[in-house]
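J.:
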Amino acid sequence: MTALAALIRRDIRIALRVGGGALIGVLFFLTVVVLMPFAVGPDLALLTRLGPAILWLGALLASLLTLDRLFMADHEDGSLDLIVMGRVPLELACAGKALAHWLAAGLPLVVATPVLGLLLNLDLLATAAVALTLLAGTPALTFTGMIGAALAVTLHRGGLLLAVLVLPLSIPVLIFGVAASEAAIAGPLSFGAPFSILCALSLVSFVVGPFAAAASLRHGLD
Amino acid sequence: MRLLASSLTCVRGGREVFSGLSFELAAGQLLAVTGRNGSGKTSLLRLIAGLLPQAAGSLALEGGDAELTLGEQAHYLGHRDALKPALSVLENLTFWRDFLGGEAFDAPESLAAVGLTHAAHLPAAYLSAGQRRRLSLARLLTVRRPVWLLDEPTNALDTSGQDMVAGLMREHLARGGLIVAATHAPLGLAARELRIGGAP
Amino acid sequence: MKLSDLANPTRFLSLTGRLLPYLAAATAIVLLIGLYLSATAPDDYQQGATVKIMFIHVPNAWLSMFVWAVMSAAALGTLVWRHPLADVAAKAAAPIGASFTFLALVTGSLWGRPMWGTYWEWDARLTSVLILFLMYLGLMALWRAVEDPSRAARAAAVLTLVGALNLPIIKFSVDWWNTLHQPASVFRMGGSTLDRAFLIPLLVMAVGFTLLFVTLHLAAMRNEILRRRVRALQMMQARASASELGPASPASQPA
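Protein chains in written order, with the working numbering: chain A, 1 to 222; chain B, 1 to 200; chain C, 1 to 255.
(1) Hey, could you find the ends of the beta strand (DSSP E) L59(B) is sitting in?
(2) Hey, would you say A152(A) sits closer than 7 Å to L160(A), going by beta carbons?
(3) Quick check: the Cα distance between P153(B) and F213(C), rounded to an integer number of angstroms?
(4) Kindly give me the distance between the Cβ atoms of A191(B) and D151(B), rounded to whole angstroms, as I take these residues to be in contact under 8 Å.
(5) Between the alpha carbons of R154(C) and Q237(C), how many angstroms are there, rounded?
(6) Using DSSP with H/G/I as helix, E/B as strand and the rest coil, what is A5(B)?
(7) If you measure beta-carbon to beta-carbon, which residues of the segment 1-19 of chain B are closer than 9 Å to chain C?
(8) Am I right that V129(C) and S64(C) are in contact with their C-beta atoms under 8 Å? What's the rounded C-beta distance?
(9) Within 7 Å of any Cβ in chain A, is that where the Cβ of R133(B) sits?
(10) Reducing DSSP to helix, strand and coil, say where L194(B) ends up.
(11) What would DSSP say about L30(B), mapped onto helix, strand or coil?
(12) Which residues of the segment 153-167 of chain A have a Cβ closer than 7 Å to any Cβ of chain C? Give them in chain order.
(13) If we count Cβ pairs, one from each stretch, closer than 8 Å, do we get three or more for the segment 51-62 of chain C versus the segment 138-153 of chain C?
(14) Check whether chain B comes within 7 Å of S241(C), counting only Cβ atoms and requiring the distance to be less than that.
(15) Compute the distance between the beta-carbons of I175(A) and A86(B), then report whether it is under 7 Å.
(16) Which residues of chain B have a Cβ atom closer than 8 Å to the Cβ of T2(A), listed in chain order?
(17) A181(B) bridges to which residues according to DSSP?
(18) Can the beta-carbon of G137(A) be found closer than 7 Å to that of L64(A)?
(19) Pull the bridge partners of G77(C) from the DSSP assignment, please.
(20) So, for L47(B): in the same chain, excluding its five sequence neighbours on each side, which residues have a beta-carbon less than 7 Å away from its beta-carbon?
(21) Classify D148(C): buried if its beta carbon has 16 or more other beta carbons within 10 angstroms, exposed otherwise.
(22) Among the residues of its own chain, which have a CB less than 6 Å from the CB of A138(B), if the five just before and after it don't count?
(23) Chain C partners of S216(A), CB-CB under 7 Å?
(24) Looking at chain B, which residues of the segment 102-117 of chain C have a Cβ within less than 9 Å of any of its Cβ atoms?
(25) Report the option in F143(A), H219(A) and G51(A) whose CA atom is closest to the CA atom of R151(C).
(26) Using only CA atoms, which one of L90(A), L118(A), G106(A) and F191(A) lies nearest to F211(A)?
(27) If R195(B) sits next to G35(B), beta carbons under 8 Å apart, how far is it from one beta carbon to the other, in whole angstroms?
(28) With contact counted as at least three CB pairs below 8 Å, one residue from each stretch, are the segment 19-31 of chain C and the segment 202-217 of chain C in contact?
(29) Under 9 Å, CB to CB, which of the residues in the segment 46-75 of chain B have a partner in chain A?
(30) Note down, in chain order, every chain A residue with its Cβ under 9 Å from the Cβ of M65(C).
(31) Are the C-beta atoms of A212(A) and some chain C residue less than 7 Å apart?
(32) Find the residues of chain A that neighbour W177(C), judging by a C-beta separation of less than 8 Å, and give them in chain order.
(33) Under 7 Å Cβ to Cβ from S38(C), same chain only, skipping five residues before and after it: list those, please.
(34) Is any beta-carbon of chain F found at less than 7 Å from that of D148(C)?
(35) In the DSSP assignment, find the beta strand (DSSP E) that holds Y126(B) and state where it starts and stops.
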């Protein structure tokens, strides 16, 4: 257990220090959201309506952007070899790395949501709803995106290919995330149903993600 | 404790790197793996570490911990030093000590053994190539594992560093450890030699 | 090269070489019968002759999913048994599956034009098929991104299996999303029971298209095996010429 805690601590520490990716993700999130009014016009009513969708898309892209390096950095400096040789099962180590990544890069997105909600003219309830759905849904993005990050190591290639492979897999999260926030804001549906499904998606990804990533890493080392 | 390898075959990218490689190594012995560039020295070490699949053959550590795989009882010192430039020297070392698990020793003491005490709180980014190598070596001291797999351990080290490596290896062998080292240069220790380089 | 690696594909080549002409003939016959039955099937009282697109569309849509199932089975073969033929089967199936999926999309949209008045409607079925198509393309991109086939095979196998797990979830969420955003007034095909007059030609066409897939797949697998042999031979040649030039000539080439 100390081994896993050490791994999580290390990854968070690296992400928060100079050169780490955590703050870049938030900055990217902010930039995407700020760009939206330039694309759709500064109509506040329209922005309110699109708000949850914009925030969710921004979070999706931001988490994908930072995931690229999840395993690649460890692969490049040889740490991944030693992680594979460690006594922590690789699946667990993968889950630990994903958790650390979410704490360092996913959670700040949730925290930044209220500020961005202001820019999009979302009221308190709507902002809270979006933040809550992001809190429940971004782990699913991290844990499914992790599969792509592991594939990127196998392929020695990340970036666009990763996006092409991972984005279709995150469609369900996007659907239920936006639906739950909109249900909370406007109705007529209850917030509970899509929100529980969103949580279920996150739980499923906790299982599938680490196993698929570990399988990919194990087969892909060279 | 004995490391037994029989008719190991390694295939990478559809190409056979080596085949039918057998050796036996007892506790306290050093196996120096030599051969041309590209003959598969690194591949052999990675194969023993469990980082590459064996296409054929068998590997076993007799008298080792039956609960653990061979890779989990081995240290691998590769070309890449597994250091994070953003972390300090001590943080790098304590991380690997905590992560690798098993019988662990005081990290500052290990740093002293490789002559890096003065740099303990500097970011690893400031280290020279030789110092990075020393820090990687400290990892082998701070967690005890019976098998050492060293890929060109004296790379980037000056004469005093090479002497230090020889000293560390001698101590490890004296404790009953096993070392498999891929090398070009003589290590300055009594060693059995395994020459790879049949197949191109 | 290990001969045992090639032994199995060799048997596969000779077996399929004998089998393929018969399969191709059977495919042609069943498809011809199916087309004849489709052409002579009565018009729908509501949709008129456009209903006949169904006889092409539904088999394509069925195959778009069937091919992914075949690839998933092959992916298990790659990851669990490390069978060399499994890699080949998975790689050969992807472009064929993508083609069927593409055809399902095109025929669906052609069918949609008279029914919905637009070529594209964000209908739940069409949308899921579109996502499936994207995933096929991603998989093909992954195969192309890596030079070493066995390495690509394992990565693709992981992605295929993850996709297989995810596809039902995607289907479910898109259905859910669709009911949320669209009233149920949209035309839905196949909702009611299908008349026998439509069912029989449809089944024959489905069998015909499945045979077509098997034929194309076996042929593509043969091509892939041959392509890999060419690659292996070229690599051996490159090494042979390198060792002739090199100072230290190797002792012997392992047989």
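Glycine residues also receive a C-beta, built at the ideal position from the N, C-alpha and C atoms.
T.: Per the coordinate set shown:
(1) Residues A56 to E62.
(2) Cβ atoms of A152(A) and L160(A): not closer than 7 Å.
(3) The alpha-carbon atoms of P153(B) and F213(C) are separated by roughly 55 Å.
(4) That pair is no contact at about 15 Å.
(5) Distance between R154(C) and Q237(C), taken at the CA atoms: about 26 Å.
(6) Note: A5(B) maps to strand in three-state DSSP.
(7) When C-beta distances to chain C are compared with 9 Å, the residues of the segment 1-19 of chain B below that value are T9, V11, R12, G13, G14, R15, E16 and S19, in chain order.
(8) With 8 Å as the limit, V129(C) and S64(C) qualify as a contact, their Cβ atoms being about 6 Å apart.
(9) With 7 Å as the cut-off, R133(B) does not count as an interface residue toward chain A.
(10) Judged by DSSP in its simplified three-state form, L194(B) adopts strand.
(11) Secondary structure at L30(B): strand, using DSSP grouped into helix, strand and coil.
(12) Going along the segment 153-167 of chain A in chain order, one finds T154, L155, R157, L161, V164 and L165 with a Cβ nearer than 7 Å to chain C.
(13) Two segments are said to touch when three or more pairs of C-beta atoms, one from each, lie closer than 8 Å; by this definition the segment 51-62 of chain C does not touch the segment 138-153 of chain C.
(14) Under the Cβ distance rule, S241(C) does not count among the residues neighbouring chain B, no pair being separated by less than 7 Å.
(15) Between I175(A) and A86(B), the C-beta spacing is not below 7 Å.
(16) Here the neighbours are D98 and G101.
(17) Note: A181(B) sits in a beta bridge opposite A32(B) and L150(B).
(18) Taking 7 Å as the Cβ cut-off, G137(A) and L64(A) do not qualify as a contacting pair.
(19) None, per the DSSP bridge assignment.
(20) Within the same chain, and ignoring the five residues on either side of L47(B) in sequence, the residues whose Cβ sits closer than 7 Å to its Cβ are L8, C10 and Q54.
(21) So D148(C) ends up on the exposed side.
(22) Excluding residues within five positions, the ones whose Cβ falls inside 6 Å are L93, S110, L111 and V114.
(23) Within chain C, the residues whose beta carbon sits less than 7 Å from that of S216(A) are A155 and V158, listed in sequence order.
(24) Within the segment 102-117 of chain C, contact with chain B at the beta-carbon level (separation under 9 Å) is assigned to no residue.
(25) Nearest of F143(A), H219(A) and G51(A) to R151(C), Cα basis: H219(A).
(26) If we check each option's Cα against that of F211(A), L90(A) comes out closest.
(27) Confirmed, Cβ separation roughly 6 Å.
(28) Cβ pair count under 8 Å is three or more, so yes.
(29) Along the segment 46-75 of chain B, going in chain order, the ones with a CB nearer than 9 Å to a CB of chain A are R46, A49, G50, L51, L52, P53, L68, T69, G71, E72, A74 and H75.
(30) Chain A residues near M65(C): none, gap ~15 Å exceeds 9 Å.
(31) Residue-level contact check: A212(A) touches chain C, since one or more beta carbons of chain C fall below 7 Å from its beta carbon.
(32) Within 8 Å Cβ-Cβ: I175 and A179.
(33) Counting only Cβ-Cβ distances below 7 Å, and skipping sequence neighbours, we find K52, F55, P201 and M205.
(34) Note that chain F does not occur in the displayed structure, where the protein chains are A, B and C.
(35) In the DSSP annotation of this structure, Y126(B) is not part of any beta strand (DSSP E), being labelled neither H nor E.
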